[in-house]
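Those protein sequence lines, which keep their order, are chains A and B. Start counting the first sequence at 1; every next residue gets the next number (our numbering). Start counting the second sequence at 1; every next residue gets the next number (our numbering). Beta carbons are placed, not taken as given, at the ideal position from N, Cα and C, and that holds for glycine. Working notes, beginning with the structure itself.
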Amino acid sequence: MEAEILISTIARALAFSAPLIWAAIGEIFAERSGVVNLGVEGMMILGALIGFIAAQSSGSPWIGTLAAAGVGGAVGLFHAFVSVTLRANQYISGLAITIFGLGLSGLLGRSWVGRPLLNSFERFDVPLLSDIPFIGPALFSDQYILAYLILPIAVLLWFLLYRTRFGLVLRTVGESPAAADTAGRSVTLFRYLAVTFGGVMAGIGGAYLSLAYRPSWSEEMTNGLGWIALALAIFATWDPLRAVGAGLLFGAFFTLSFRLQDRFPPELLTLLPYVFTILALVFTAVGRGRRAFGSPEALGQPYARGER
Amino acid sequence: MKRWILVLALLMGVASAQDDSLKVGFIYVGPVGDNGYSFAFDQARQALEEAVPEVETMYVESVSEAEVEAFIDQLVFEGSDIIIANSFGHGDGVLAAAQRYPDIIFGHATGVERAPNVMTFMADFYQVYYLNGLVAGALSDSGKIGYVASFPIPEVKRHINAFALGAKEVNPDAVVEVRWLYSWFDPAASNEATEALISQGVDAFGFTEDSTTVVQVAGARGYPSFSHYASMVEYSPETVASGHLVNWSVILIDFVEGVLDGTYTSENLEDVDYFWLLEQDAVRMGAAPDMPINPVYEEELKGYLVDHPEFGEISAWDLVFERLEQMSTSREEFDPFEGPLYDRQGNLVFEEGEIPTIPELLSTQWAAENVVGPWEGE
């Protein structure tokens, strides 16, 4: 019985945190290149809406996911243009994207409210893996494809970031753009790639919400998840694999806050995930110093050759 | 010269024609496309315009509590004679604006405070939640029914109690497990609250929150749920068993006609408080307007027999419609909270034969005997 509770808690943690982890991994790449993107919430909601419209129109949730990735990427490209090419304030650009995304999606989505998605993603069990005791029912059963994809993608991106030349250059761009520039690497190109990729991932996170988790569109349906994804990226110390762990931990707190309501005061329980997030952020920020946790040195600073 | 006079006369004619119409401005807390609360309100606005030809309407949507005064200014500027705000949270702004515009008539839905030019009105669902509870009690196999609730305020508590008492009437062992969201709109929280209840053995769902999440999540697992405010049957056609639908238009039409014939003025609204129910057709039972109970469940409900103290052996289906008819006649005919009624701590809430007054309904803090879960202020 105890094991059963644990299994279902982990399973629900994954189902809930999947969009957070998609967006957080994307944010990790953007920040690894030195660009902060506070527009995650806006990119997610636009991904949720455009993905929903595309899936509704085409009849395929996959086309919806592609469209969501596309719109997320396009907004990411815009953020890259503003923050890398124009060297404008990244924080303001990101905030503007979030505000704009929430407003625009509300406006464009008006006629799509009240039309549930009938051809949404379906839950399924992963063959073989779902038979593994404990892990199978916890992580490989009764989820949507976009939740299952998280683990392989996180591993792949971890490898890309830490074990390839591309990853090394990307990290160098975020740590010391001047060094990368001197070595003949284009800071602009890498930052554009990373920020656009971050947008793609946030868009897919949004698509998970409107095509799988609750297959319908309603205004402001991301409801702050984009901000939590941002916090997760930091809490995971900019590491894609840790983002999975951090996401699951946050998800477990979230689902437990409803599961334990008959035993603990619900007001406190519903605060728990957020208290956890704040504590994690504080711990990450001051605990052992910024450097030790791997915050990219040049995070938030536009790069211009010859300036310092 | 003459031509100028003609144009002027025409303009004045147009102006006076406009003055003849009664302008009603609406302020909605949500988007009209929320497929729930504000959507249902806008349906009523359209019905009002159709029913009372002298009325012209306009509306602003997605108006938060903080913005309400600015939008009232705007509606006054555009010539509104009556302004209707639809959210409890609009109250303070409405009362403040009412002082600045003593000649304008205000209506505040779900509000509690009135003024000489501010009336309050409410279409309350407690009777319909009771009917939904009868259905949920009959459809639940485990006897564990879930309720995903927004905030522990009297309105929500009243509805949970009515729902629980309905379930108990058809299944004495039925319990209602409550989970609180502390939010009116949080789809992810609602999703996880529903899943948490499912993992704890719940197999039928009521809810009070502003999204379709419970209907969709429960529906995906095959468990029955209920439409809230507007039809949600499209979201899960096979599992939305019934529901509670609002019909604000009867209140609006009654009030506006009262303004037109001089019954209601900007000086005598201090005691005007509509609390309309099934009897006045302000609320209805149904998964959708033309579907009181989803035909999917007809056989199961007709086959579910209850040994009832009042009706003898009766099917859940027939019981629902008997009760609906009684309550549609009057509150004296039948009320879900009619005494003797004990709360879950064993206190007598209403004595034998006692029917709660409206103020008693509005201040509900007690929890019904078969409600399980945390309950603030009990």
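- Of the candidates B:22, B:21, B:279, B:170, the residue whose Cα lies closest to the Cα of residue 308 (chain B) is B:170.
- Any Cβ of chain A closer than 7 Å to the Cβ of residue 59 (chain B) would place that residue at the interface, and such an atom is absent.
- For residue 205 (chain B), the three-state secondary structure derived from DSSP is strand.
- Spatial neighbours of residue 87 (chain A) in its own chain (CB-CB distance under 6 Å, excluding positions within 5 residues in sequence) are listed in chain order as 302.
- Within the region 89 to 145 of chain B, the runs of alpha helix (DSSP H) at least 4 residues long that lie entirely inside it are, in chain order, 91 to 100, 126 to 139.
- Using a Cβ-Cβ cut-off of 7 Å, residue 191 (chain B) counts as an interface residue toward chain A, since at least one Cβ of chain A sits closer than that to its own.
- A Cβ-Cβ separation of about 18 Å leaves residue 85 (chain B) out of contact with residue 253 (chain B) under the 8 Å criterion.
- The contact set of residue 288 (chain B) on chain A, defined by CB atoms closer than 7 Å, is empty, because the minimum CB distance reaches about 12 Å.
- Counting every other CB atom within 10 Å of its CB across the protein chains shown gives residue 179 (chain A) a total below 16, marking it as exposed.
- Nearest in C-alpha terms to residue 221 (chain B), of all of B:195, B:229, B:243, B:207, is B:195.
- Interface flag for residue 43 (chain A) against chain B is unset, since no Cβ pair is found closer than 7 Å.
- Sorting B:189, B:161, B:154, B:152 by C-alpha distance to the C-alpha of residue 145 (chain B) places B:161 at the top.
- Closest option to residue 64 (chain A), judged by alpha-carbon separation, among A:139, A:210, A:83: A:210.
- Residue pairing from DSSP leaves residue 277 (chain A) without any beta-bridge partner.
- The Cβ atoms of residue 191 (chain A) and residue 35 (chain A) lie closer than 7 Å to each other.
- In the structure shown, residue 260 (chain B) adopts helical secondary structure according to DSSP, grouped into three states.
- DSSP, reduced to helix, strand and coil, places residue 318 (chain B) within a helical segment of the structure shown.
- Residue 186 (chain B) reaches chain A at 223, counting residues in chain order whose Cβ is nearer than 8 Å.
- Identification of residues in the region 272 to 283 of chain A having a C-beta nearer than 7 Å to some C-beta of chain B yields an empty set.
- For the region 89 to 117 of chain A, the residues whose beta carbon sits under 9 Å from a beta carbon of chain B are, in order, 106, 109, 110, 111, 112, 113, 114, 115, 116.
- Note that the C-beta distance between residue 73 (chain A) and residue 199 (chain A) is below 7 Å.
- Only those residues of the region 252 to 263 of chain A whose C-beta falls short of 7 Å from the nearest C-beta of chain B are listed: 254, 255, 258, 259, 261, 262.
- The beta carbon of residue 180 (chain B) falls within 7 Å of a beta carbon belonging to chain A, placing the residue at that interface.
- Closer than 7 Å to the CB of residue 137 (chain A) there is not a single CB belonging to chain B.
- One finds 180, 181, 182, 189 in chain B with Cβ atoms closer than 8 Å to the Cβ of residue 270 (chain A), taken in chain order.
- In the three-state reduction of the DSSP assignment, residue 87 (chain B) falls in the coil class.
- For residue 13 (chain A), the three-state secondary structure derived from DSSP is helix.
- Distance from the CA atom of residue 237 (chain B) to the CA atom of residue 116 (chain A), rounded to whole angstroms, is 11 Å.
- When DSSP states are grouped into helix, strand and coil, residue 344 (chain B) belongs to the coil group.
- Around residue 8 (chain A), the beta-carbon contacts reaching into chain B at under 7 Å are 199.
- Separation of residue 374 (chain B) and residue 193 (chain A) (C-alpha to C-alpha, rounded to the nearest whole angstrom) is 50 Å.
- DSSP lists A:124 as the beta-bridge partner residues of residue 143 (chain A).
- Counting along the chain, the unbroken alpha helix (DSSP H) around residue 201 (chain A) starts and ends at 187 to 208.
- Note on geometry: alpha-carbon atoms of residue 305 (chain A) and residue 173 (chain A) lie some 13 Å from one another.
- Residue 18 (chain A) places its beta carbon less than 7 Å from that of residue 208 (chain A).
- Between the region 318 to 332 of chain B and the region 276 to 290 of chain B, the count of Cβ pairs shorter than 8 Å is three or higher; the stretches touch.
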